[in-house]
Amino acid sequence: MKAETSGQTIELSNGKVWAVVSGEEVKGTVLMFHAAMADSSMWDSAVPALNGAGYRTVRFDMPGMGQSELPSGEYTVYETAKEMLDKLAIERVALVGVSAGSHCAMEFAIAYPERTEKLVLVNGSVFGSGLEYSQQMQQDDAKFAEIIETGNIAEAARVWTEMWLDGPGQDESRVNPEVRQAFIRYMEERLPSMMTYRYPNMMTDLIERLPELKIPVVSLSGALDYSDTFQLLPLLEQGIRDWRGVTLADSAHFPMLDDPDNLNREMIAFLNE
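Read in UniProt numbering, the sequence shown has 262 at position 262, and its numbers run on one by one without any break.
As structure tokens, this is what we get:
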């Protein structure tokens, strides 16, 4: 992963956000939501493929992450994204969200259905779903929390990498060594912000509101990710009229890093339909 070298700072009512717009709008525009404790550079491998397929992309650092300010008061990510699109004079978008960013993407789709065309959930997460975390995730989360509280950022980044890039129980040799080392450095830079980060307000009734999604939705799930990703899928299938799931056999939680070609192929095929 590499740092952004171009983009723009956009002044919004609740602070400044950093955004990067690229590609020509031949087939449409894709708004991209990154994962927690990350930033828009997470999509570096996906943007060229989407642009090459005829899609303009808009990716932004969510509030309090990357180069975007953390608002002083209460805020939501989906309202921030909507105001940003207004400033950019972009009316309709397809949405892509990974991990916690998928929750934010679903919120946007529910809040602004007239502005949303399609929705791609990459290892989707829904907060307030009522699902109990798997024993393995609970154990790994507890281990990470214990380490981050000591201030040992290097060790915390290593454990975070094992959890989310390697995948639970996977050997570190599974991921390209250069990609893995870059991710560890990436997290060493970003995990300290966890100490001061303030979470946005979220739709806690998102599961109950899934039937409001009248657009096509696809879930792209890494086979090597935590089982929790797959526990959510039946709820999405039951709640969303036009939903389908695709399993990425060689990926864990972040396929844009460990399996970008397959991720890009599935996203573009869905968007092209």
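Glycine included, each C-beta is placed from N, C-alpha and C at the ideal position. This one's a predicted model, so the numbers in the text were calculated from it and none came from an experiment.
Contact belief for residue i with residue j at Cβ below 8 Å, rounded distance in angstroms
i, j, result
"glutamine 231", "leucine 131", "5 Å"
"asparagine 264", "alanine 46", "6 Å"
"residue 300", "threonine 29", "The first residue shown for the chain is 1 and the last is 273, placing residue 300 beyond what the model contains."
"leucine 191", "isoleucine 153", "5 Å"
"phenylalanine 108", "lysine 82", "7 Å"
Beta-carbon proximity check, residue i vs residue j, cutoff 9 Å
i, j, result
"aspartate 171", "alanine 252", "no"
"valine 246", "serine 221", "yes"
"arginine 59", "alanine 19", "yes"
"leucine 235", "isoleucine 207", "yes"
"alanine 38", "tyrosine 186", "yes"
"methionine 106", "aspartate 140", "no"
"glycine 64", "serine 40", "no"
"methionine 62", "cysteine 104", "yes"
"proline 168", "leucine 224", "yes"
"residue 274", "lysine 27", "The structure shown does not extend to residue 274, since the chain is modelled only from 1 through 273, so no value can be given for it."
Spatial neighbours of residue i in its chain, beta-carbon cut-off 6 Å, leaving aside the 5 residues before and after
i, result
"glycine 15", "Glu69, Pro71"
"valine 179", "Leu257"
"isoleucine 10", "Val17, Ala19, Met84, Lys87"
"residue 275", "One cannot answer for residue 275 here, as it falls past the ends of the chain, which runs 1 to 273."
"serine 173", "none"
"tryptophan 160", "Met187"
"glutamate 25", "Arg56"
"glutamate 273", "none"
"asparagine 262", "Leu248"
Buried versus exposed call for residue i [16 or more other C-beta atoms within 10 Å across all chains shown]
i, result
"tyrosine 199", "exposed"
"asparagine 123", "buried"
"aspartate 250", "exposed"
"alanine 269", "exposed"
"threonine 150", "exposed"
"proline 255", "buried"
"methionine 267", "buried"
"glycine 128", "exposed"
Sequence-distant residues of its chain with Cβ nearer than 8 Å to residue i (five each side left out)
i, result
"isoleucine 240", "Leu210, Pro211, Leu213, Val217"
"aspartate 259", "Gly222, Leu248, Asp250, Ser251"
"glycine 73", "Asn14"
"tyrosine 112", "Tyr78, Lys82"
"serine 22", "Val47, Asn51, Arg56, Thr57"
"tyrosine 133", "Asp141, Asp228"
"serine 193", "Met37, Gly64, Met65"
Chain-order list of residues whose beta-carbon lies under 7 Å from that of residue i (same chain, five-residue window excluded)
i, result
"arginine 244", "Val218"
"glutamate 4", "Caution applies to glutamate 4, whose pLDDT of 38 falls short of 50 and renders its modelled position unreliable; the model cannot decide the point."
"isoleucine 184", "Ala157, Arg158, Thr161"
"methionine 137", "Tyr226, Asp228"
"residue 311", "Residue 311 lies beyond the residue range present for the chain, which begins at 1 and ends at 273; the question has no answer from this structure."
Residue-chain proximity (residue i, chain C), Cβ-Cβ < 9 Å
i, result
"threonine 161", "The question asks about chain C, but that chain is absent: this structure has only one protein chain."
Would you be able to state if there are at least three C-beta pairs under 8 Å between the stretch 82-101 and the stretch 27-36?
Counting C-beta pairs closer than 8 Å gives three or more between the stretch 27-36 and the stretch 82-101, which meets the contact rule.
Across the stretch 196-204 and the stretch 71-81, are there enough close Cβ pairs to call them in contact, namely three or more that are closer than 8 Å?
yes
Between the stretch 108-121 and the stretch 35-52, can you find at least three pairs of beta-carbon atoms closer than 8 Å?
No, they do not touch.
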